[in-house]
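**Q**
There are 2 protein chains.
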Amino acid sequence: MGNRKRIVEMCLDLMNEEGSRAVGTSRIADELGISPGNLYYHFKNREEIVMVIYEDLDADFRAALVEDVHAPISPERFAGFFLRTLQVAWEYRFFFGGMLHLLRRDEELAARYAGLQAWAIDTIEGILTQLIKDRSLTRPKAKTGLRSMAINLWIVWSNWIRFIQVSDPSGEVRRDHLIQGVGQLLDILAPYLDPSFEKAGRRVLTRELKKFAEEAADPAS
Amino acid sequence: MGNRKRIVEMCLDLMNEEGSRAVGTSRIADELGISPGNLYYHFKNREEIVMVIYEDLDADFRAALVEDVHAPISPERFAGFFLRTLQVAWEYRFFFGGMLHLLRRDEELAARYAGLQAWAIDTIEGILTQLIKDRSLTRPKAKTGLRSMAINLWIVWSNWIRFIQVSDPSGEVRRDHLIQGVGQLLDILAPYLDPSFEKAGRRVLTRELKKFAEEAADPAS
DNA sequence: GTCTATACATAGATAGAC
DNA sequence: GTCTATCTATGTATAGAC
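Line by line, the protein sequences are chains A and Z.
1 is the number of the first residue of the first sequence in full-length UniProt numbering; add one for each residue after it.
1 is the number of the first residue of the second sequence in full-length UniProt numbering; add one for each residue after it.
1. Short check: CB of residue 57 of chain A to CB of residue 95 of chain A, under 9 Å?
2. Counting pairs of Cβ atoms below 8 Å between the region 1–8 of chain A and the region 20–39 of chain A, do you hit three or more?
3. In whole angstroms, what separates the C-alpha of residue 98 of chain Z from that of residue 20 of chain A?
4. To the nearest angstrom, report how far apart residue 26 of chain Z and residue 106 of chain Z are at their CA atoms.
5. Of all the CB atoms in chain Z, is at least one closer than 9 Å to the CB of residue 46 of chain A?
6. For a cutoff of 9 Å on Cβ pairs, would you count residue 136 of chain A as touching chain Z?
7. How far does the alpha helix (DSSP H) with residue 26 of chain A in it extend, from its first residue to its last?
8. Can you tell which of Z:185, Z:22, Z:23, Z:73 has its C-alpha closest to the C-alpha of residue 155 of chain A?
9. Tell me which residue opens and which closes the alpha helix (DSSP H) that residue 71 of chain A is part of.
10. Quickly, what does DSSP pair residue 193 of chain A with across the bridge? List them, please.
11. For chain A, find out if any of its Cβ atoms is closer than 9 Å to the Cβ of residue 124 of chain Z; answer yes or no.
12. Using alpha carbons as the reference points, say which of Z:54, Z:218, Z:16 lies closest to residue 113 of chain Z.
13. Are residue 193 of chain Z and residue 123 of chain Z closer than 9 Å when you measure CB to CB?
14. Below 9 Å between beta carbons is the criterion; list the residues of the UniProt domain "HTH tetR-type" (1–61) of chain Z that meet it against any residue of chain A, in chain order.
15. How would you label residue 177 of chain Z, buried or exposed, when you count the other beta carbons within 10 angstroms and need 16 or more for buried?
16. Using 9 Å as the limit for Cβ to Cβ distance, is residue 168 of chain A near chain Z?
17. To the nearest angstrom, report how far apart residue 13 of chain A and residue 71 of chain Z are at their CA atoms.
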């Protein structure tokens, strides 16, 4: 694998582990056993590395939210949206952790992320609208209810990992925390969901939790 | 006013404006027209300044959430909890913006904030329980529903300001954004709220919005 | 309490050899 | 494509005079 790619991956790993601020260009180079000069041959500056990573995040998130959206939306697929996107939030957790600072220092990144956020909220609203058509969701009374719901889902989604990290500073985030996050998102919608749809969605979580517990007990597989 | 206090206030202002990371000790001293040495006479290090500010935040938040909690809880008081606490989140927005980084570099701060978070979620759950006793809120079906609701309220609360900041990178956060945030929090509870209780709560927001619009139109007052 | 001067570490970035 | 060497800027913090 070329050094360019190795730099990006090391940067992502280190930043996820220690936060974006703690990771500088010299640190990345050190860790890879290459020279700072080499790193700067591949990238104009530190921002550029982060931007490359952000592009992956952006693409992964959009793919996770758009994948398999054909109507009607099954509870399994609906739970899948949440689970896949939370997985993305986990894989790029450094970004959400240090977001404000990263965006402040890079206007282009700020604009792009604002765009992703706007798109995400619209798309979530679209999914909710589809659920209403499918009769899996009751329309909220207030006109702005759907949008408000989409915003709340987005906020909880984009901050769930941080919430877990802060709750237990010395603990690590595990897959069951992600599954718990999906439950948390479902709870926002619960009062509007068709009971059997909700039940089926929750079953997916129970199944995932079981799978995780088994893997944890038997790491061989 | 003594320099110690001026340092704390300047630090808070600068960090709120530019993010905690962008503000160093030399910058604070510069801005106040005092020497770095003077700053270090008053504080052991930068962490200590942040800790002093955090202590205010902690106290202000607790006071805002506990103030005037006698049962039964009126819709006006309930809306007041949200409005006052969001005001606190706004006054110390630097902390929420750079939280993960701040907590990573200061174990004591991390422990204290984790404590505040746990207390807050418990206290919110307590308020919801009181609302159920008052018959202003319907108990959610799931056993863990109340707690989940409290967590969602907390997550949206603690990240609302950041959400607004990121939504419009070049815009400023105004009081009407805070009021919108209260609406957002109410929406999480809406399906469980007694309709007349909810209506009265919303009226508080309309009134606050009107007050803000008038003040904006007539800054003299 | 406050100042000047300075030490020290680290991070971002570049020049030029190989 | 990669290296060594180095520059520059900045931030944290201290020593010692006033």
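All C-beta atoms in this analysis are idealised placements derived from N, C-alpha and C, irrespective of residue type, glycine included.
Quick caveat, the model's predicted, so the values are computed rather than measured.
**A** Once the coordinates are examined:
1. For the purposes of this step, residue 57 of chain A is taken as the residue at position 57 of the first sequence. For the purposes of this step, residue 95 of chain A is taken as the residue at position 95 of the first sequence. Against a cut-off of 9 Å, the Cβ pair of residue 95 of chain A and residue 57 of chain A comes out as a contact.
2. yes
3. Translated into the one-based positions of the second sequence, residue 98 of chain Z becomes position 98. Translated into the one-based positions of the first sequence, residue 20 of chain A becomes position 20. Using only the alpha carbons, I get a separation of about 11 Å.
4. Here residue 26 of chain Z corresponds to residue number 26 of the second sequence, with the count starting at 1. Here residue 106 of chain Z corresponds to residue number 106 of the second sequence, with the count starting at 1. Cα to Cα, residue 26 of chain Z sits roughly 20 Å from residue 106 of chain Z.
5. What you label residue 46 of chain A is simply residue 46 of the first sequence in a count that begins at 1. No, its Cβ sits nowhere closer than 9 Å to a Cβ of chain Z.
6. In the first sequence, residue 136 of chain A corresponds to position 136, counting from 1. Chain Z contact via Cβ: absent.
7. Reading the first sequence from its first residue, position 26 is the one you call residue 26 of chain A. Where residue 26 of chain A is concerned, the enclosing alpha helix (DSSP H) stretches over 25–32.
8. Position 155 of the first sequence, counted from the first residue, corresponds to residue 155 of chain A. The shortest Cα separation from residue 155 of chain A among Z:185, Z:22, Z:23, Z:73 belongs to Z:185.
9. Position 71 of the first sequence holds residue 71 of chain A. First-last for residue 71 of chain A: undefined, no H or E at that position.
10. Counted from its first residue, the first sequence places residue 193 of chain A at position 193. BP columns for residue 193 of chain A point to A:137.
11. Residue 124 of chain Z sits at position 124 when you count from the first residue of the second sequence. No, residue 124 of chain Z does not count as interfacial toward chain A.
12. Along the second sequence, read from residue 1 onward, the residue named residue 113 of chain Z stands at position 113. Residue 113 of chain Z has its Cα closest to that of Z:54, out of Z:54, Z:218, Z:16.
13. The count along the second sequence starts at 1 and reaches residue 193 of chain Z at position 193. The count along the second sequence starts at 1 and reaches residue 123 of chain Z at position 123. No, Cβ-Cβ distance for residue 193 of chain Z and residue 123 of chain Z is not below 9 Å.
14. 18, 19, 20, 21, 22
15. For the purposes of this step, residue 177 of chain Z is identified with residue 177 of the second sequence, where counting begins at 1. That one is buried.
16. Within the first sequence, the letter at position 168 stands for residue 168 of chain A. With 9 Å as the cut-off, residue 168 of chain A counts as an interface residue toward chain Z.
17. Here residue 13 of chain A corresponds to residue number 13 of the first sequence, with the count starting at 1. Here residue 71 of chain Z corresponds to residue number 71 of the second sequence, with the count starting at 1. Spanning the two alpha carbons is a distance of roughly 50 Å.
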